[in-house]
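In our numbering, the protein residues as written are 1017 to 1170. Heads up: the structure comes next, in structure tokens.
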Ligand code: HEC
């Protein structure tokens, strides 16, 4: 009896382990897509902080800029994990990533590098003039990657 139950448990455990790994694999594309879109939303939020300062609609505020960068870095920390070939299509979430990300992986990485450099430059600024001078390169780096590697929404 005890042996039989143990056997039954082992089978059940085996079944649920298969179910578990299957659901993990199933969820991974969606999870990666969701995470990278959240990262991109943090990029967008940071733009929302900076653009009014660039336009002179709001006073320059480096603390607010740096806070938006910190939020961006937190949201994007796992970036490298989100671009597996299995994430070209979501299970339930729509991705706007273009196939070129996978057919031109070096180009995608280079576009990321252009952004990173522009980001490091603007992050290091502590006065309004340097901030304003560094901003166009940052905006261009977003655009450069989106033009090649992102489908427009809608
Ligand atoms: C290396 C390439 C790359 C760079 C650099 C980049 N993006 Fe993106 N961005 C993407 C891709 C790819 C997507 C689509 C992701 C998806 O749908 O899976 C995206 C999506 C977005 C979205 C839509 C997110 C959503 O709600 O689904 C916003 C907003 C965005 N990016 C803003 C920015 C801003 C602002 C910058 C610059 C500060 C930037 N991105 C830099 C590749 C990039």
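Glycine included, C-beta positions come from ideal geometry on N, C-alpha and C.
If we call anything under 8 Å between Cβ atoms a contact, is residue 1045 one with residue 1110? no
Output yes or no for whether 8 Å exceeds the beta carbon distance between residue 1118 and residue 1048. no
To which residues does DSSP link residue 1166 through a beta bridge? 1113
Ligand 1 and residue 1161: does the residue's C-beta get closer than 7 Å to at least one heavy atom of that ligand? yes
Relative to the C-alpha of residue 1102, which candidate in 1092, 1113 and 1093 has its C-alpha closest? 1113
Counting Cβ pairs, one atom from each stretch, are 3 or more of them under 8 Å apart for the stretch 1081–1095 and the stretch 1060–1069? The stretch 1081–1095 makes contact with the stretch 1060–1069; the number of CB pairs closer than 8 Å reaches 3 or more.
Round the Cβ separation of residue 1150 and residue 1137 to the nearest angstrom and send it over; I've been treating them as touching at under 8 Å. 5 Å between Cβ atoms; contact.
So, at 8 Å on beta carbons, what are the nonlocal neighbours of residue 1057 in its own chain, with the 5 sequence-adjacent residues on each side left out? 1091
Determine whether the Cβ of residue 1117 lies closer than 8 Å to any Cβ atom of chain C. This model lacks chain C altogether, as it is built from one protein chain only.
Report the three-state DSSP secondary structure of residue 1131 (helix, strand or coil). helix
Can you tell me where the alpha helix (DSSP H) holding residue 1068 begins and where it ends? DSSP places residue 1068 inside the alpha helix (DSSP H), whose first and last residues are 1018–1070.
Following the continuous alpha helix (DSSP H) through residue 1089, name the residue where it begins and the one where it ends. 1078–1092
If I measure Cβ to Cβ from residue 1142 and keep anything under 7 Å in the same chain, skipping five residues before and after, which residues do I get? 1078, listed in sequence order.
Considering only C-alpha positions, which residue in the set 1170, 1065, 1082 and 1166 is nearest to residue 1128? Cα-wise, what sits closest to residue 1128 is 1166.
Between the Cα of residue 1093 and those of 1054, 1161, 1130 and 1144, spot the shortest distance and give me the residue it belongs to. 1054
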